[in-house]
Amino acid sequence: MIALGQKISTSTKKDFIDAIDALFLKLELAYHYQFYKVFGSDERLKEGKKLWAVSLKKFSPNDILESVELVISSQSYLPTLTDIIKACEDIDNHEFPSVEEAYIEARKSYQPRKEYNWSHPIIYFVGKKIGWNILNEKDTKQNFISFKKIFNAYKKQAIEGKNFKITKNKIEPTTKILDKNLLEKLRKKYKV
């Protein structure tokens with residue numbers, strides 16, 4: 003991902019343009035009739051490439067090419083720009099699970115939640131913010147939407163450098179050390 007305000011070097015710019023051209027070529031080959039329906043004239047193709055290039059400029063050429071391969075292998079219809087952006091974001095943030103996977107993991111987790119083996123710590127913090135009882139009670143669309151909103155906000159914070167660390171509880175011993183003298187006195191007293 004290229005930081006905002008950062009200029010692209012000439013070779014990187016050429017690689018980026020080549021990636022956009024390759025993206026459109028792959029879309030044309032994979033979705034022939036649909037592609038020509040949308041980008042039928044040279045003018046529309048040129049404008050489409052400009053729009054997609056501006057929208058995808060924050061992603062590396064490799065992420066763009068990988069995302070188009072992923073989308074082509076999973077969609078029957080010509081993907082939208084939004085589909086490609088989402089695929090690029092998923093590739094760019096590969097250490098994070100998808101929102102759907104995180105939601106399922108949060109619902110399947112069990113007590114003590116701090117000790118649970120999370121795939122990423124932000125899932126714990128999202129569940130904690132929403133409330134574990136709310137997540138466990140019912141699987142509703144509203145719960146998922148709330149989870150998704152908080153998950154994406156925390157994911158953005160993590161990408162920007164915020165550290166999400168789960169502090170484990172220290173387990174205090176529940177039993178006290180046996181006093182042998184007291185035990186001996188009690189045995190003598192009760193003749194055991």
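Under this note's numbering, the letters of the sequence shown match residues 3 to 194, in that order.
Cβ atoms here follow ideal geometry from the backbone N, Cα and C, with glycine treated the same way.
- Annotation for I74: the continuous alpha helix (DSSP H) segment containing it runs 63-76.
- Of all C-beta pairs linking the region 70-77 to the region 20-40, three or more are shorter than 8 angstroms, placing the two stretches in contact.
- Shown here for R109: same chain residues with a beta carbon closer than 8 angstroms to its own, the five before and five after excluded, namely L137, N138, D141 in chain order.
- Between P63 and A21 a beta carbon distance of about 4 angstroms is seen, short of the 8 angstroms cut, so the two are scored as contacting.
- For the options W134, K190, I125, N171, the alpha carbon positioned closest to that of A160 is the one of I125.
- When DSSP states are grouped into helix, strand and coil, E97 belongs to the coil group.
- A distance of 8 angstroms or more separates the beta carbons of L80 and S57.
- In the DSSP annotation of this structure, Y112 is not part of any alpha helix (DSSP H), being labelled neither H nor E.
- Listed in chain order, the non-local C-beta contacts of N154 below 8 angstroms within the same chain comprise V101, local neighbours out to five positions each way being set aside.
- Straight through space, the alpha carbons of E91 and A104 are spaced by roughly 16 angstroms.
- Taking each of I19, R46, K193, Q144 in turn and checking the Cα distance to K59, the smallest one comes out for I19.
- Following the DSSP letters along the chain, one finds S57 inside the alpha helix (DSSP H) bounded by residues 44-58.
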